[in-house]
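Participant:
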Amino acid sequence: MGLTVQPLFRNNHSLPEMIIVEGWYPKGTITITDEPKRGIEIESNKDLGPEYHIKLNHKKEPKWDIIEILITKSEKKRGCF
Numbered sequence: 151m152g153l154t155v156q157p158l159f160r161n162n163h164s165l166p167e168m169i170i171v172e173g174w175y176p177k178g179t180i181t182i183t184d185e186p187k188r189g190i191e192i193e194s195n196k197d198l199g200p201e202y203h204i205k206l207n208h209k210k211e212p213k214w215d216i217i218e219i220l221i222t223k224s225e226k227k228r229g230c231f
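The opening position of the sequence shown corresponds to residue 151 in our numbering, with each subsequent residue numbered one higher.
(1) Does the beta-carbon distance from residue 191 to residue 204 come in below 7 Å?
(2) Per DSSP, residue 215 is paired with what?
(3) Which of helix, strand or coil does DSSP assign to residue 190?
(4) When you compare the region 196-203 with the region 156-176, are there three or more beta-carbon pairs, one atom per stretch, that lie closer than 8 Å?
(5) Residues in its own chain within less than 6 Å of residue 207 by CB, not counting five upstream and five downstream?
(6) Would you kindly work out how many angstroms separate the C-alpha atoms of residue 231 and residue 222, rounded to a whole number?
This is how it looks when you write it as structure tokens:
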């Protein structure tokens, strides 16, 4: 199992434009379908409010199931993370 957190910056002087959080799980240990995935996105977006946007992805690798969470500022708030 593993966890990664990756901030993405526009330049050396700005705050992150996006933060990517990934959880790595051995193949077959978790299952996530579109319905719970969408529910997690909706509830997370409600919790964080209109300034942020959450997108959840489920990726499958040969040995891993990966849950990826993308956290971004809303378009009108870019550059203010």
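We put the CB at the ideal spot given by N, CA and C, even for glycine.
Facilitator: With the given structure in hand:
(1) In terms of Cβ geometry, residue 191 and residue 204 form a close pair [threshold 7 Å].
(2) 175 and 210
(3) Helix at residue 190.
(4) In this structure the region 196-203 does not touch the region 156-176; the number of beta carbon pairs closer than 8 Å is below three.
(5) The residues 218, in chain order, have a CB closer than 6 Å to that of residue 207 in the same chain once the five nearest residues on each side in sequence are set aside.
(6) With a pLDDT of 47 at residue 231, under the threshold of 50, the modelled position of that residue is not reliable, and the figure given next carries that caveat. Rounded to whole angstroms, residue 231 to residue 222 spans 8 Å at the Cα level.
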